[in-house]
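**Student:**
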Amino acid sequence: MVNVRFSPGRILAPTSAVTFTGRLVVSSLMLLLLSACDDASAVNIQSQEHQAGSQIQVSPPNWWAGMQTPTVELMLEGKNLQGAKVSIERSGQAQGVSIVSTQTADSPNYLFVTLDVSKAQPGTFTLNIAKQGDTISLPYRLDERNLSPAHQGYSNKDVIYLITPDRFANGDTGNDNVQGYADRAKPDFDGGRHGGDLAGIARRLDYLNDLGVTQLWINPLLENAQPEYSYHGYSITNHYQIDPRFGSNDDYAALGLNAGKAGMGLIMDVVLNHIGSGHPWMRDLPFHDWVNPQTKHTSHRRTAVQDPYAAPADTAAFADGWFVESMPDLNQRNPHLARYLIQNTLWWIETARLSGLRIDTWSYSDKAFLKAFSHAMLTEYPKLSMVGEEWSSNPVVVSYWQAGKQNPDGYDSELPGLMDFPLYETLLQAVNEDESWGTGLIRLYEALANDKLYPNAENLVLFEGNHDTNRLYSLLGRDMNKFKLALAYVLLSNRIPQIFYGTEFAMQSPVEGRNDGAVRADMPGFTQQAFGQKEINAMAAEAKEAFAFTRALLHYRKTSDAIHHGKLVHFVPENGLYVQLRLAPENQGQKAQNKGKSLMAIFNKNNDSTKLNMQRFADFLPIGHPIADILEQQHFSLPATLDVSAPVTLLEF
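What follows is the structure, given as structure tokens:
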């Protein structure tokens with residue numbers, strides 16, 4: 001029996017095959033063994049290196065029949081592939097598959113093979129790789145596409161819940177440390193691995209469903225074989241393998257399936273700009289221009305890629321510089337790398353039934369590539385949701401990247417959504433500062449006038465915090481009223497809302513500077529197998545109060561068509577009170593479907609009860625109209641003057 005070694009996410013040829021010392025055929029039976037192989041037991045860290053005569057790796061490890069793009073480019077990695085001839089064994093299921101081109105690389109250890117699969121049917125065929133009279137044979141599988149309803153994306157109907165997987169829940173202590181991975185668990189160190197994993201997230205699906213969230217954005221889960229600070233996931237060393245300290249590829253696919261059954265979508269955190277320095281590419285680059293030269297760090301001057309007056313050197317200093325030494329900057333101008341990243345993302349969408357993508361450091365990648373990336377995703381999945389990270393407080397800078405924006409330079413990235421950093425930063429300032437003519441809640445009112453800059457402001461994601469920002473409760477001085485006001489604004493806005501794990505318990509962090517490890521502290525119940533109301537009842541009073549408020553809002557907005565579809569009308573803040581209306585759709589069919597329920601949200605920064613003249617809103621809500629106070633669970637007729645004492649009042653009419 002031939003000794004064949006497998007690595008999760010890739011197809012490996014036997015040792016003797018790579019050095020072409022004799023003819024060897026890997027049968028379809030071996031492919032079945034691969035699919036049956038348990039990912040966790042098959043982890044082989046050394047397989048990431050090009051050891052002398054050890055193996056061939058194929059990426060992507062499989063593909064699908066029926067994709068809109070007619071071709072797929074395979075990257076073959078092995079020792080000395082230059083001069084090799086590739087052919088397809090034409091029998092049975094191989095019919096309809098043809099080789100378009102074979103491309104050598106600067107390194108002799110890579111070969112790029114483009115296949116035409118436009119007429120192919122699902123099944124397995126064989127790639128024959130011949131050199132100097134010797135041949136190896138690799139099975140390759142085309143699967144049937146999974147037309148999952150998850151690919152329909154998300155909208156304002158949803159609430160995104162952001163999870164840092166190493167810190168959310170430890171469901172399997174057996175994978176806290178894995179042989180061959182240098183960065184071992186250090187649960188008492190903020191910058192170390194703590195042991196959270198996919199098993200922990202899977203065990204919390206019932207909790208998350210009861211909380212009321214509908215989309216799970218999980219920080220990167222792919223392998224980070226870095227010597228330290230690997231827990232955050234942004235230094236990828238294998239694009240086709242879940243880090244075994246989180247679980248396996250099968251675990252991730254199962255999470256996507258089970259989350260879908262629980263009514264929740266799965267959003268993948270995609271990193272296109274850089275890799276980890278421990279990636280095997282850094283020991284043997286396929287092409288000399290695979291990464292940008294490490295001359296200096298990125299300038300972070302993001303306006304340089306859209307400034308009509310920017311010097312070319314400044315544009316390059318932003319886009320081509322490295323973040324840090326441990327994160328080599330990828331050069332997506334190389335067409336093979338660009339296609340690798342695009343195909344890898346498509347592979348995960350199909351494999352894990354993803355509802356959407358969050359793309360890290362969006363603007364740092366090559367502009368032309370970003371447009372091609374968006375186009376490729378939406379060609380295959382027209383309703384897939386995508387949101388990019390562009391960390392700027394300037395809405396002009398952020399809006400440049402949204403699909404449909406008519407920019408002076410003619411550029412359109414085709415990216416549907418972005419994180420709304422401008423409104424997030426305005427929210428913190430507005431809630432924290434004293435009220436005056438030009439400060440406080442008026443900042444939120446005036447900020448929404450900038451929505452005209454965006455082709456679709458409602459496709460922006462507004463958040464109360466994330467893994468890179470200090471905790472909301474701490475930033476607001478641990479003031480529960482301010483916390484409730486800010487959180488409610490996010491959840492009731494005409495945006496897609498996102499909350500960070502633990503916000504529902506008013507988790508805290510330092511507020512001076514950045515302390516990422518402390519911000520990403522362990523979730524309450526991190527080591528507990530079960531986590532529910534019993535455990536919540538044992539928490540501190542402020543945590544229980546925050547949880548009850550968050551859950552009530554999440555459950556209400558789940559069924560509120562005014563929030564999902566209603567037109568926003570808002571009024572200039574006065575006396576520390578800011579009123580927003582979400583009006584039920586005016587179309588008669590929608591009215592019947594939505595039962596005509598509109599919503600008034602009153603945001604109150606006063607510590608004392610304040611009177612609100614309701615005559616001001618008579619054009620939309622007449623005095624005496626029946627009202628339901630959602631949070632207080634009371635029904636009454638609208639008075640001419642309303643006493644407002646709570647930080648947030650929700651009136652349904």
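Mapped onto the UniProt record's numbering, the consecutive letters of the sequence shown carry residue numbers 1 to 653. Just so it is clear, CB atoms sit at the ideal spot from N, CA and C, and this is done for glycine as well.
Opposite THR649 in the DSSP bridges: which residues?
**Tutor:** Walking along the sequence shown from the start, residue 649 turns up at place 649. Answer by DSSP bridge pairing, in chain order: ILE602.
**Student:** Thinking C-alpha only, which one of GLY96, LEU651, LYS544 and GLY356 is nearest VAL125?
**Tutor:** On the sequence shown, residue 125 is found 125 positions in, with the first residue counted as 1. The question names Val, but residue 125 in the sequence shown is Phe. Closest by alpha carbon: GLY96.
**Student:** State yes or no: is the C-beta of TYR154 within less than 7 angstroms of the C-beta of GLY356?
**Tutor:** As a working mapping, residue 154 is identified with position 154 in the sequence shown. As a working mapping, residue 356 is identified with position 356 in the sequence shown. Against a cut-off of 7 angstroms, the Cβ pair of GLY356 and TYR154 comes out as a contact.
**Student:** Can you tell me whether DSSP reads LEU472 as helix, strand or coil?
**Tutor:** By one-based count along the sequence shown, residue 472 stands at place 472. LEU472: helix per DSSP, three-state reduction.
**Student:** Return the bridge partner residues of GLY265 from the DSSP annotation.
**Tutor:** The residue you call residue 265 lines up with position 265 of the sequence shown. DSSP output for GLY265 lists GLN215 as bridge partner(s).
**Student:** For ALA368 versus VAL431, is the C-beta spacing smaller than 7 angstroms?
**Tutor:** In the sequence shown, the residue the question calls residue 368 occupies position 368. In the sequence shown, the residue the question calls residue 431 occupies position 431. The answer is no: Cβ separation not under 7 angstroms.
**Student:** Check whether the region 293 to 312 touches the region 259 to 268, counting contact only when three or more Cβ pairs, one atom from each stretch, lie closer than 8 angstroms.
**Tutor:** no
**Student:** Could you give the first and the last residue of the continuous alpha helix (DSSP H) run that contains MET523?
**Tutor:** The residue labelled residue 523 in the question sits at position 523 within the sequence shown. Here MET523 belongs to no alpha helix (DSSP H), and DSSP marks it neither H nor E.
**Student:** Can you list, in chain order, the residues of its chain with a C-beta nearer than 7 angstroms to that of ALA338? Leave out the 5 residues immediately preceding and following it.
**Tutor:** For this step, residue 338 is matched to residue 338 along the sequence shown. Result list for ALA338: GLN332, PHE369 and ALA372, in chain order.
**Student:** When you compare the CB of GLN508 with every CB in chain C, is at least one pair closer than 7 angstroms?
**Tutor:** Of the protein chains in the structure, only one exists, and it is not chain C.
**Student:** May I have the straight-line CA-CA distance separating THR649 from THR439, to the nearest angstrom?
**Tutor:** By 1-based counting over the sequence shown, the position of residue 649 is 649. By 1-based counting over the sequence shown, the position of residue 439 is 439. Whole-angstrom Cα-Cα distance: 22 angstroms.
**Student:** Do the region 149 to 164 and the region 377 to 390 make contact, defined as three or more Cβ pairs closer than 8 angstroms?
**Tutor:** The region 149 to 164 vs the region 377 to 390: in contact.
**Student:** In whole angstroms, give me the CA-to-CA distance for ASN466 and LEU427.
**Tutor:** Reading the sequence shown from its first residue, position 466 is the one you call residue 466. Reading the sequence shown from its first residue, position 427 is the one you call residue 427. Going by the C-alpha atoms only, they are around 14 angstroms apart.
**Student:** Using CA coordinates, which residue listed in THR298, TRP322, VAL305 and HIS288 is at the minimum distance from ASN334?
**Tutor:** Counted from its first residue, the sequence shown places residue 334 at position 334. Per the Cα distances, HIS288.
**Student:** Whose CA, out of PRO280, GLN132 and LEU491, lies closest to the CA of LEU424?
**Tutor:** Sequence index remark: in the sequence shown, residue 424 carries index 424 (1-based). The sequence shown places Tyr at residue 424, not Leu. Measuring from the Cα of TYR424, the nearest candidate turns out to be LEU491.
**Student:** As an exercise, report each continuous beta strand (DSSP E) stretch of at least 3 residues that is fully enclosed by the region 105 to 132, in chain order.
**Tutor:** 110 to 116 and 123 to 131
**Student:** Please classify ALA202: does DSSP put it in a helix, a strand, or coil?
**Tutor:** The residue you call residue 202 lines up with position 202 of the sequence shown. In the structure shown, ALA202 sits in a helix (DSSP, three-state: H, G or I).
**Student:** Locate the alpha helix (DSSP H) running through ILE563, then write down its first and last residues.
**Tutor:** Here the question's residue 563 lines up with position 563 in the sequence shown. Counting along the chain, the unbroken alpha helix (DSSP H) around ILE563 starts and ends at 561 to 565.
**Student:** With 16 other CB atoms within 10 Å as the buried threshold, where does PRO639 fall?
**Tutor:** Here residue 639 corresponds to residue number 639 of the sequence shown, with the count starting at 1. Counting C-beta atoms within 10 angstroms of its own C-beta, PRO639 has fewer than 16 neighbours from the protein chains shown and is therefore classed as exposed.
**Student:** Between PHE653 and the rest of its own chain, which residues show a CB-CB distance below 6 angstroms, the 5 nearest in sequence each way excluded?
**Tutor:** As a first step, residue 653 must be located in the sequence shown, where it is residue number 653. Cβ neighbours of PHE653 beyond the five flanking positions: SER598, LEU621, HIS625 and ILE627.
**Student:** Are MET507 and ARG471 touching if we call contact CB-CB under 7 angstroms?
**Tutor:** Here residue 507 refers to the residue found at position 507 when the sequence shown is read from its first residue. Here residue 471 refers to the residue found at position 471 when the sequence shown is read from its first residue. In contact: MET507 and ARG471 (Cβ atoms closer than 7 angstroms).
**Student:** Do you know whose CA, among ALA457, THR102, THR550 and ARG443, lies nearest ALA488's CA?
**Tutor:** Sequence index remark: in the sequence shown, residue 488 carries index 488 (1-based). Of the listed residues, the one whose Cα sits closest to ALA488 is THR550.
**Student:** Using a 10 Å radius around the Cβ and a threshold of 16 neighbouring Cβ atoms, would you call ALA185 buried or exposed?
**Tutor:** Looking up residue 185 in the sequence shown gives position 185. Result: buried.
**Student:** If you run the structure through DSSP and keep just helix, strand and coil, what is PRO139?
**Tutor:** As a working mapping, residue 139 is identified with position 139 in the sequence shown. The answer is strand: DSSP assigns PRO139 an E or B state.
**Student:** Quick one: grab the DSSP three-state call for ARG302.
**Tutor:** For the purposes of this step, residue 302 is taken as the residue at position 302 of the sequence shown. Three-state result, ARG302: helix.
**Student:** So, at 6 angstroms on beta carbons, what are the nonlocal neighbours of ALA541 in its own chain, with the 5 sequence-adjacent residues on each side left out?
**Tutor:** Here the question's residue 541 lines up with position 541 in the sequence shown. So no residue of the chain qualifies.
**Student:** Rounded to the nearest angstrom, how far is the Cβ of MET523 from that of GLY502, given a contact under 8 angstroms?
**Tutor:** Taking the first residue of the sequence shown as position 1, residue 523 is located at position 523. Taking the first residue of the sequence shown as position 1, residue 502 is located at position 502. Between MET523 and GLY502, the beta carbon gap of about 5 angstroms places them in contact (Cβ cut-off 8 angstroms).
**Student:** Please state if the CB of GLY256 and the CB of ASN224 are separated by a distance shorter than 7 angstroms.
**Tutor:** What you label residue 224 is simply residue 224 of the sequence shown in a count that begins at 1. What you label residue 256 is simply residue 256 of the sequence shown in a count that begins at 1. Not in contact: ASN224 and GLY256 (Cβ atoms no closer than 7 angstroms).
**Student:** Using the DSSP secondary-structure output, state which residues sit across from MET75 in a beta bridge.
**Tutor:** Along the sequence shown, one-based indexing puts residue 75 at 75. Per DSSP, SER59 and PHE112.
**Student:** Measure the Cβ-Cβ separation of TYR234 and PRO220 and say whether it is below 7 angstroms.
**Tutor:** The count along the sequence shown starts at 1 and reaches residue 234 at position 234. The count along the sequence shown starts at 1 and reaches residue 220 at position 220. A contact, by the Cβ cut-off of 7 angstroms.
**Student:** Taking the straight line between their C-alpha atoms, what separation do you get for ALA646 and VAL569?
**Tutor:** Along the sequence shown, one-based indexing puts residue 646 at 646. Along the sequence shown, one-based indexing puts residue 569 at 569. Roughly 21 angstroms between the two C-alpha positions.
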